[in-house]
Structures are given as C-alpha cells and as structure tokens.
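For reference, the structure is listed below as structure tokens.
2 protein chains.
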Amino acid sequence: MTTMFGLDESVVAPLMRAIAGAELTTSEVEDRFARASWTGIAEPGDRTAGEIVAALGAATALTTVVEHWPVERTEEALGATGAAVPVAELAAATDRWMPRLKSAIALTALRQAARFRVRLLVPGDPAWPAGFDDLGEHAPLALWLRGNESTLETLPASIALVGARAATGYGEHVTMEASAGLVDRGYTIVSGAAYGIDGMAHRAALASSGQTVAFLAGGVDRFYPSGHDVLLTRIVEVGAVVSELPCGSPPTKWRFLQRNRLIAASSLATVVLEAGWRSGSLNTAGHAATLGRPLGAVPGPVTSAASAGCHRLIREFDAVCVTSADEMAELAPLRPLGGGEEPRGEMGRSSEQVRVLDALSSRSPRSVDDIAARCGLSVTTVTSVLGTMQLDGQARESDRGWTRCR
Amino acid sequence: MTTMFGLDESVVAPLMRAIAGAELTTSEVEDRFARASWTGIAEPGDRTAGEIVAALGAATALTTVVEHWPVERTEEALGATGAAVPVAELAAATDRWMPRLKSAIALTALRQAARFRVRLLVPGDPAWPAGFDDLGEHAPLALWLRGNESTLETLPASIALVGARAATGYGEHVTMEASAGLVDRGYTIVSGAAYGIDGMAHRAALASSGQTVAFLAGGVDRFYPSGHDVLLTRIVEVGAVVSELPCGSPPTKWRFLQRNRLIAASSLATVVLEAGWRSGSLNTAGHAATLGRPLGAVPGPVTSAASAGCHRLIREFDAVCVTSADEMAELAPLRPLGGGEEPRGEMGRSSEQVRVLDALSSRSPRSVDDIAARCGLSVTTVTSVLGTMQLDGQARESDRGWTRCR
C-alpha cells in the first residue's frame, strides 16, 4: 500500500523525516507523505478530500485516486468504513484532482520544504491546533510551518486580530494598542500578515515580546506580501508562519478566503479592527461566527469608509462592540471570571438627595421651608436628608440657613 | 367642588381660556386649573400625584390635599373609584406637596404663561403626545407649550436625537447629517435644546425647514440654556418648545432627568449621537429602552471619550449601531417595508468561477489543462466555467489559450 507516486521509499523517507523533525516508522512516512501530497492536490477546504482521507486514511485515499480504483473496489473500501461518500462525488473530485496527480509536484514541494527548514504538521501532533477539530471535513489535512512549533501550542490562549489592508492611521493605532494590550494579558496574536491591520497586529505583538502566528494563503517558502519579508522573517524567528499549502503554491483569492477559516478556527475569538464594507476580513468574521467563536468589531468614525465593515458586523451580524484590549479579552477570558466582583461605583445618591442638592445654593443660605418648596419634598424629608448630607459634608448649616458645600 | 386655592372663578376663568386658546366650560376651567396647579405642586414623574389625579380627577385630587380631607373621607373617595393608593403614601405625599400649596404660586405661573402666550395642554387635547400613554402614572399631568400645537401633532413620526453637551466636531457633523437626513425622510426631530448635540439637532432640522420639538427641564418662559435664546426663539416660531413645569420653574438636575422621559416617550425612537461614559443622554436612552422604544447609538472613534457612552449603549444595552439617517429611519419606519425588496447585490460569482478567475492571467494565455492544475478543478469543470465566463465577458479565448478580461 505504498502509493508514493511510484517514488522509492529511500527517496521519500529521509525527506519526510527531515520535515517531521523526528524518526518515523514506515507507515508514518506513508501517512505523512500522503497528507503532504494531498495539500498539493486538493484545494484548501475540499470536503470530498477531507471525507475520504477521514474514511480510508491519507495513504489509501491517495492510492484510490492515483491508481484509479474501479468503482466496485472503491465502494467496497468506503462501505467497510461506514463512510457516506457517494461514488459519483468521488469520481467528480478525482477529475478535479487529476491535473495535479504528479510525483514531480509532490517531490518539488518536499525538497523546497527541506531547504527552508519547513516542518510538516499532521493531526495528532502536539502542536496541531485543537481548534481545527471544529472544521470537520473542512479541516486542513496537514500544515506547513516555519518557525517555532511551541508557538502553535499557545493557540488555546489566542485572539485573532484582523482587518483591512487599506487601514487608516486610526485603525493602525487601535490595532497597536489592542495587540500590545492582549499580549500583556497573556494572549497569542493570530493574523494573516497582510498590509495594514494584520501587519500592525503582528508587529505590535513582536514589539511587546509576545507570541504571534501568521497564516498564509500560499506556500511558506515565499512570503506574501513580499513587502512583509522582514516582518515575516522576524515572525519565523520568535513565532510561527503557517500554511496548509505546500511550498511553491501561489496565494489566490480562493486560498485567501480559505486561509481565513484557519485564522478563525485556530483562535479563541476574532476581532475585526477596521474593514471596508466588502473587506476580506468580513469573511474571517463569518468563519468565526459559523464556528461559534466569539466575534468582536472595533467601531470607528461613521464618516470613515474603513470602519463601515466593522459597523456592519455589529449591526447585522451581532458582533460585540469592543473598544479596548480589556473588552477584547472579555470575549475569550483566559480564567473564569470568579465571583466577588465589585458592582460598578455609582454616585450613591438617592433621588431625594439629588433633589435637595438642586434646591441648595452654595452662596445664599436657605431655610428648610424654602428648600422644601423648591425641591417639592416634605419638610420632614428635607430635614432628614439635610442631616445625612451634613454628615457626608455635602451641606452646611449656619444661623441663616443651609448652604451647599463646594 | 371649586378648589382653586380660594380664588374666584372670575379671576381664574379668563386666564385659563387665554392659555387654552378656546372657550371652556366651568368644569373644564376647574380641571385645567387643577392640572396647571398640579404641575407646580408635584415634581415631574410623581407617581402618587399621577395616581390620585387618575382616580379622582385633577380637581377633586387637588381639593383632597388642599383641604386636608380626613383619612376616612379620602379612603371612601378612593375606594369608590377602585384606586389602590395607600392612604399612608398619600399622607407622605401631601407633606411633600404642602410647601407649594399656595394660590399665589399658581396664579403667578398662569399670569406669566398668559404674558408669554404659552398654551396649556391636557390629556385628550388633539396635540397631546400619544406616546405619553406609555408612561402610565408617570405621565405628565399637563404640558406648557410655546409655539405651534400642530408641530406636536407630527410626533407620531418623530425621532429623538440626543447627546452630550461636550460634543466634538465629529459629533456635531454626524448630528447635522442625521437631522437633515431624517427631516428629508419626513421625520420631526425631538431633542432637549442643550448645547452640543441637542442644539445641532434642532438647528439642522430648522435649516432643512423641518419640524422640531424641544422639551425643557424648566418653565418655557425663560429659555435654558440662555445661550440658546435665539435658537429657542426660532423653534417657537416654526416648531414647539414644551415643558411639564409651569412658568417660573428653574431647571434642576432632577427635572433634567425627568424631562428626558418625555423626549423618549414622545418619539418613535431615540438615537444617541455622542455621549461620554456618564452622559445624561444615557438616561434618555434608558427611558427609551424601558418604554420599549427602539434605541440607536452612533459609534465613533474608540479614542474619543465623547463616543464612549455610545459604545457602552451598543455593548451593554443592546442599542442598535446606526451610522446614517437611513439606518436611523429603519429603527422606526414610517411605512411598513412592503415585500418585493431586492436581495442585496452580491458579486454573483460561484466559488468555481472565483477559482478559475484566480488561475487566469490577463497577459499570458493559458491552456485549459494548465488552468485546471492551477485552480484544482477538473478539466470538464474548467471548460464549462470558462464557457460561462466567456459569455459574461470575464474571459477570452485565443489560439494560444485563455486570458482574463480586464
């Protein structure tokens, strides 16, 4: 059952061990090679690929399509697993995958990965993001990572900060405060490394010596956007740059949209900091909402087109209006908010005190009768309220009457 | 049953007719005089006053307290009406009202009203705001009005625009756009004539030749704030300036808070345009919410303290995030939104089209096989999608392959 595009194990195994960073059994080599190949064959989020890999395992699933198993054998294999993948759907998918079923593509990606010290992560690895479980058949089949696996292990305490590339000074300022504030509170910052809000989120996290993870829409061997080469190189040093696409894959519009689901699924909550009416970050927000993750949006001037998407999220999609790192942290508290919380301080004045205070002057002393007439309370009530206010230092009595203390 | 503080009908009746702007029967004179007196005796929102006036009528209620009916007689009178006003509560209230039970006070207020051509409105008058019914026992017992009664008749199509006195240029700009936009859509603008947002709301309504109503916290004979003398004089000319307090009453903190309930109750919806964390306009918002009126808040920069109250309303009190006059009008549509609404225009591209589009270049022609490999779709699917896109003018075929149309 070695469907490695006809490649010899002696070629594949050393490469797989290099990019796993560990010794591997033969079946582990097969599984990892198959998953690595799948990331180049099926587009991100391909449900059929997810279903047959889940049913048959990555290696057998690959054999099925590469060797073009006859319908009977495929049905039999799937039937044995209880999987409900219609064979017609599988046939259509195989047509879709066909143009990419070449050993050369898989091998080039693996060699490029080894050259850039890229790691391959598969489900079950300690660093595999637990949040991906919620993606079901749309979960990635493997992840390609540059940087520190340990950073991915901090994802259970992470918040995604995303937003428009065309950010304003306001948006960047708010993002900087938010990212630094969340890092101070122990959160890892997840984003997409784009210009504008994403870049600022990563940058501020790095500046605060925080953990940060960038999900890319293409292979991690070439950074996108290229203007963020330096930033992404720094993220690789202290954080992690991750993609579900193999080395050599260019980012495409579709892949950006699918990449957004990884940002939403890997973090506890997603916050959109600035977004135009049709910004791509609304797509990330949509994924967060679909996954049942808390979703926040930062308001801005209604006169700024760069905040229109945030207002839309608050207005139409029930996003929580968040205005500070504290409020963002409340979306996904790291510790349960224990009891013993103090009620918010109020003025602590009764309505009668407010009315008596209104009726007092700080210059002209007034009689109790006069005060009672002015505030519309009985003489008895006014006398009693004035007594309390005298104790509190709010009112003072002289032989000419009562005055208000400044 | 003529409890007019011992005043002769020949003194009272001409005054009452003058400020009613109509002929009145003797019992109407009595009722209106009693209500006018009550507005000077009980502070705004006095529940006990509301209850006994509702139970006994304004005139008899006044007799009860002025003549200090013995407990038995009061209980008997209330019992006959089925009203549930505990006599102890009434006794406490009478103590409260006592300092103001003077004919001179009532008479001065009436004379001042006549001098300023102030009208007295009572429940049942055509111009009486229907929304006040929702205030129950907290409804005002009468209203004092300067300006045009007809403006009050437009309140069933009104929106309250309120906000902080310490408004920013941003807040004033948004208020101006909102007020003018709502006037254009047929709404009357209700507000409180304060500096800042309120003043701008009235001003922009007047500038757009719209209807506007200002509710004051003191008597309508002296305008508050005095810096809005000219503005309020213009509102009197084309709109209405209204208060539940008789002429001569100064505004007090308590009265501002109670005035806010009239703003919320008289209009279909309330919108807060700019408000600090503890702004008084949050009190108006609270009244609107309590009354079940739609509540909107305009977001602003999170770096602006003047928007903190608006964000708080959206975040903690479920206010709707509104960013334009259109969205404010949606809070309280003047006409039911009939069917036949077009769904919002989307890009209208299928996910396959997005993926094929990604794989096309606008410069280098590509073969179908190449496109299929790039976008991860079958050759059959790509051929069919390209066909559709060619019809739509999105893709073009030449003898060297397919290109994307710009």
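From first to last, the protein sequence lines stand for chains Z and W. Numbered per the numbering used here, the first sequence spans residues 17 to 422. Numbered per the numbering used here, the second sequence spans residues 17 to 422. Virtual Cβ for every residue (Gly too), placed ideally from N, Cα, C.
For the region 277-329 of chain Z, the continuous beta strand (DSSP E) assignments of 3+ residues that do not extend past its boundaries occur at 285-288, 311-313, in sequence order. Shortest Cα-Cα distance from W:A38 to any of W:K118, W:D237, W:L136 involves W:L136. Judged by their CB atoms, Z:A209 and Z:M192 are not nearer to each other than the 8 Å cut-off. Taking 8 Å as the cut-off, the beta carbon of W:P267 is found no closer than this to the beta carbon of W:G292. The residues A176, V178, V206, S207, G208, F231, T286, T300, H303, in chain order, have a CB closer than 8 Å to that of Z:I279 in the same chain once the five nearest residues on each side in sequence are set aside.
Following the DSSP letters along the chain, one finds W:T419 inside the beta strand (DSSP E) bounded by residues 417-420. Residue ranges of uninterrupted alpha helix (DSSP H) with 4 or more members, entirely inside the region 99-124 of chain W and ordered along the chain, are 103-113. In the three-state reduction of the DSSP assignment, Z:R89 falls in the helix class. Z:G212 and Z:N276 have their alpha carbons spaced roughly 16 Å apart. Among the CB atoms of chain W, none fall inside 8 Å of the CB of Z:H154. With a 10 Å radius around the Cβ and a threshold of 16 neighbouring Cβ atoms, Z:R48 comes out buried.
A residue is called buried once 16 or more other Cβ atoms fall within 10 Å of its Cβ, and Z:L171 is buried on that count. Listed along chain Z, the residues sitting closer than 7 Å to W:I330 by beta-carbon distance are I330, C337. W:P142 sits exposed, since fewer than 16 C-beta atoms from the chains shown fall within 10 Å of its C-beta. Residues of chain Z with a Cβ closer than 8 Å to the Cβ of W:S340 are, in chain order, V318.
Within chain Z, the residues placing a beta-carbon under 9 Å from that of W:S394 are A108, A109, T110, D111, R112, W113, M114, P115, ordered along the chain. A distance of 8 Å or more separates the beta carbons of Z:C337 and Z:P317.
In the three-state scheme derived from DSSP, where H, G and I count as helix and E and B as strand, Z:G163 is classed as strand. Close to chain W, meaning a Cβ-Cβ distance shorter than 7 Å, are the following residues of the region 250-279 of chain Z: T268, K269, W270. For Z:V190, the C-beta contacts it makes with chain W under 9 Å involve P317, V318, T319, in order along the chain. In chain W, no part has a C-beta under 8 Å from the C-beta of Z:Y240; the shortest such distance is about 14 Å. Per the coordinates, the alpha-carbon of Z:G403 lies some 27 Å from the alpha-carbon of W:V81. Contact annotation: W:L311 and W:L329 have beta-carbon atoms nearer than 8 Å.
In the structure shown, W:A176 adopts extended strand secondary structure according to DSSP, grouped into three states. A direct Cα-to-Cα measurement between W:S43 and W:G66 gives close to 20 Å. Z:R133 and Z:T167 have their C-alpha atoms spaced approximately 16 Å apart. Contact between the region 215-229 of chain W and the region 100-114 of chain W is absent: fewer than 3 CB-CB pairs across the two stretches fall below 8 Å. The closest CA to that of W:E260, considering only W:V254, W:V199, W:R271, is found on W:R271. Apart from the 5 residues on each side of it in sequence, W:A345 sits with its Cβ closer than 6 Å to the Cβ of R201 in its chain, given in chain order. By the C-beta density criterion, Z:T306 is exposed, having fewer than 16 other C-beta atoms within 10 angstroms. Taking C-beta atoms as the reference points, W:L31 and W:A108 fail to come closer than 8 Å.
Look at the region 37-61 of chain W: the residues with a C-beta under 7 Å from a C-beta of chain Z are A58, E59.
Judged by DSSP in its simplified three-state form, W:L393 adopts coil rather than helix or strand. For Z:T204, the secondary structure class from DSSP, reduced to helix, strand or coil, is strand. Interface criterion not met: the Cβ of Z:V229 is under 8 Å from no Cβ in chain W. Residue W:F21 holds the alpha-carbon nearest to the alpha-carbon of W:S119 among W:H327, W:F21, W:D245.
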